[in-house]
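For reference, the structure is listed below as structure tokens.
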Amino acid sequence: MSPIYSQVAAGVAVIFKTRGNDVQESDEFRRDANLNDSISILESALTDASFRKLLAIPNRRVHKFVADAIQLCKPMKVFICNDSTMDTEYIRRTAIARGEETPLANPHHTVHFDGYFDQARDKERTVYLVPKGESLGKQLTQHDRQEGLETVRKRLEGSMENKKMVVRFFSLGPLDSPFSIPAVQITDSFYVAHSEDLLYRPGYDYFRRMSEDKEIFWMLHSSGKLIHSVSTDWKKRGVMIDYKENTVYSVNTQYAGNTIGLKKLALRLAIRKADREGWLAEHMFLMAVHGPHERKTYFTGAYPSGCGKTSTSMVRGNTIVGDDLAYLRVLDGKVRAVNVERGIFGIIRSVTAKDDPVIWDVLHSNQPAIFSNVLITEDTEPRWLDDGREDPEQGANHSGGWFKGKVDRYGEEIPYAHKNARYTVGLEGLTNLDGCLDDPRGVEVGGIIYGGRDSDTWVPVQQALDWTQGIITMGASLESETTAATLGPSGVRKFNPFSNLDFLSIPLEDYIRNNLDFVNDSEHKPCIFAVNYFLRNEDGDFITDKSDKQVWLKWMELRVHGEVEAITAPTGFLPLFDDLKGLFDTYLDKDYTKKEYDAQFTIRIPEYLSKLDRIEKIYKESVEDPPVELYRELSAQRERLIAVPTELGDYILPDAFL
Ligand code: OXD
Ligand code: MN
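Set out below in structure tokens:
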């Protein structure tokens, strides 16, 4: 044993000893044959400083994971990050030095470009590795586990030659909380490691003190061979999820949604864990809607990417806990939730000073930010689509040098910035940040909102008749028109239950069951709501304004406390005109008219019935054994719609249900 190892191992033993009955484990730890193998690999691959840092984490599985990754990816060097300012600053500077990020005029800002064909989440190439004899149902993309592991390991073989490997430790959810899940990220991308610094809670110290048997999520990413900082083997890119080992492999890709293991990749592992343990891991924002007399009521909201999730969580006069991922648990009889993250990886298109003042200000402040796939002007300023300014004539973007009218190899005009261009910032600089972000017990949830991009069916806001009806006809029936956040055409209506379909890692029927049962031990069930910001009239024009979501939120807040009445329609509880009028006046200083209300809250019976047909068909074709509540609730909704007297016609004004 080398002098360093014996010192470090001695240190480890001391840590164990102070935890009393773990002393025995420390002996076992020294005897473990695998550990000794791992230790020799680590010892020869790591500098003394890195070796010490890694061994200060008394966890054999961590040592083994890092050692295996070193053997497989063969990095030139390995950097273990202990979250000190020196280490995180080193990561930021190296991202710049290696050309993965470029400094902008503001010294706290950088820009990163992904490969031309690697600009969004790659759903098709994100697959589950499923052991023989198991199935995750027809909705999920899956591969034989053994074959998949062989393929991905082959792709990763030597992928870090001539590169440095970074090893980082994080906590998903607040530290030392019933919600925390520790995660290890290994990557050869300093951009990934830097982004995670802004987005997740540092966990090195947490790993040093947590018990050795704590469940851990493991992430291994390599961008593979690079030319000008872009993966050359992008055709062989992919993400493979080995849920048997809680491990995600991502290779030959750079777009953050495919590489930042802690975001949507860890969500997939969390959904399985949540299902096993009876809690929920969701694609949801978490915010406090501020009601009368300074009351704060917390809401989670599940909307597919690009449907207003971030902008809702940022609505003026309220406070944000998180914009994308939430864990929900019942603690002491109450539904409570936390933000899994501590930053935002947000879509920057259409962020304007007028519509998104908080984000706008942060992006123009000295708070650290990484812009991705935007345009850089000659003055090294970032520009994005629909930013409320005059379009630029030239600059640099994900296609290289850009000028107005530039076309790609297929003759398609290249916009000056990508539609899915993003910004990455920590939440700490937001003026509307809620004080409970790091509360280890989370916040109590008053309402859950489901929303999609729906041009013709759902009204702007309604409340479910009860938990089961909400889970089935709102969550499990969510559809949305696609956006640039995923590869493939935009504007196509897609089934996206709970806005979580892309991330489901268990059969859909099991996930619905878990949602239905989740509140069984809770004294109060949160109210469920459905919203739609994208409703259009027959001429195709939107019939609500972006700012209206403020009013829908305030109405939902009042409903949670039973402070406003509602109209019982076949699909849910609808707001009364007078209540909305008052809220529009108070919060938006807007004279809301009955004409607007009627157009927005008309129940469109044919569209609703077609939706029910579509949803039932999808479940019949692709979900083997859905919970009995599913067809029961869908049929009940159909019957309520059909029971509306025919003389009222197909398009029923809300007051007809009074
Ligand atoms: C995201 C997404 O980036 O859902 O949050 O695509
Ligand atoms: Mn998202």
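In this note's numbering, the protein residues as written are 4 to 661.
Every residue, glycine too, gets a C-beta built ideally from N, C-alpha and C.
Note that the structure is predicted; figures quoted are calculated from it, not measured.
Reduced DSSP category for residue i - H, G, I as helix; E, B as strand; rest coil
{"i": "Q149", "result": "helix"}
{"i": "K620", "result": "helix"}
{"i": "L507", "result": "coil"}
{"i": "D30", "result": "Since pLDDT at D30 reaches only 41, below the 50 mark, its modelled position is unreliable, and no value is offered."}
{"i": "L75", "result": "helix"}
{"i": "N535", "result": "coil"}
{"i": "S174", "result": "strand"}
{"i": "D387", "result": "Note that residue 387 is Trp in the sequence shown here, rather than Asp. Coil."}
{"i": "E280", "result": "helix"}
{"i": "Q640", "result": "helix"}
{"i": "N369", "result": "coil"}
{"i": "A259", "result": "helix"}
{"i": "T485", "result": "coil"}
{"i": "V647", "result": "coil"}
{"i": "I184", "result": "strand"}
{"i": "L139", "result": "coil"}
{"i": "V292", "result": "strand"}
{"i": "N24", "result": "Its pLDDT being 29, under 50, N24 is placed unreliably by the model, and nothing is read from it."}
{"i": "F587", "result": "helix"}
{"i": "M222", "result": "strand"}
Distance cut-off 7 Å: residue i Cβ against heavy atoms of ligand 2
{"i": "H112", "result": "no"}
{"i": "D327", "result": "yes"}
{"i": "S308", "result": "yes"}
{"i": "H286", "result": "yes"}
Contact under 8 Å by Cβ, residue i with residue j
{"i": "N499", "j": "G455", "result": "yes"}
{"i": "L440", "j": "R339", "result": "no"}
{"i": "S375", "j": "D117", "result": "yes"}
{"i": "S225", "j": "R204", "result": "no"}
{"i": "T313", "j": "I351", "result": "no"}
{"i": "G161", "j": "C76", "result": "yes"}
{"i": "Y246", "j": "S508", "result": "yes"}
{"i": "H286", "j": "F506", "result": "yes"}
{"i": "P573", "j": "R516", "result": "no"}
{"i": "K422", "j": "W470", "result": "no"}
{"i": "F172", "j": "F220", "result": "no"}
{"i": "F120", "j": "W237", "result": "yes"}
{"i": "L637", "j": "I452", "result": "no"}
{"i": "D437", "j": "A305", "result": "no"}
{"i": "L583", "j": "W558", "result": "yes"}
{"i": "M222", "j": "A277", "result": "no"}
Nearest-angstrom beta carbon gap, residue j and residue i [assumed within contact, 8 Å]
{"i": "Y301", "j": "E447", "result": "6 Å"}
{"i": "D459", "j": "E610", "result": "5 Å"}
{"i": "T434", "j": "V361", "result": "6 Å"}
{"i": "H564", "j": "N369", "result": "40 Å between Cβ atoms; not a contact."}
{"i": "R575", "j": "Q465", "result": "Residue identity differs from the one stated: residue 575 is Gly in this sequence, not Arg. At roughly 4 Å, the Cβ-Cβ gap stays under 8 Å, so G575 and Q465 are in contact."}
{"i": "L615", "j": "R641", "result": "5 Å"}
{"i": "R95", "j": "H197", "result": "5 Å"}
{"i": "N255", "j": "G227", "result": "4 Å"}
Proximity test, Cβ basis, 8 Å: residue i and chain D
{"i": "N376", "result": "The structure shown contains no chain D; it holds only a single protein chain."}
Per-residue burial, residue i [other beta carbons within 10 Å of its own, 16 or more giving buried]
{"i": "I230", "result": "exposed"}
{"i": "P657", "result": "buried"}
{"i": "A569", "result": "buried"}
{"i": "F501", "result": "buried"}
{"i": "V26", "result": "Low confidence applies here, because V26 scores a pLDDT of 28, under 50, leaving its location unreliable; read the following figure in that light. Exposed is the call here."}
{"i": "H66", "result": "buried"}
{"i": "F406", "result": "exposed"}
{"i": "P629", "result": "buried"}
{"i": "M89", "result": "exposed"}
{"i": "N24", "result": "Confidence is the limiting factor: at N24 the pLDDT is only 29, short of 50, which leaves the residue's position unreliable and the question unanswerable from this model."}
{"i": "H115", "result": "buried"}
{"i": "E560", "result": "buried"}
{"i": "K623", "result": "exposed"}
{"i": "I391", "result": "Correcting the residue identity first, residue 391 is Gly in this sequence and not Ile. Flag for G391 reads exposed."}
{"i": "G336", "result": "exposed"}
{"i": "K597", "result": "exposed"}
{"i": "Y654", "result": "exposed"}
{"i": "G241", "result": "buried"}
{"i": "T250", "result": "buried"}
Closer than 7 Å: residue i CB and nearest ligand 1 heavy atom
{"i": "R352", "result": "no"}
{"i": "F173", "result": "no"}
{"i": "G260", "result": "yes"}
{"i": "R275", "result": "no"}
{"i": "F348", "result": "yes"}
{"i": "R55", "result": "no"}
{"i": "R124", "result": "yes"}
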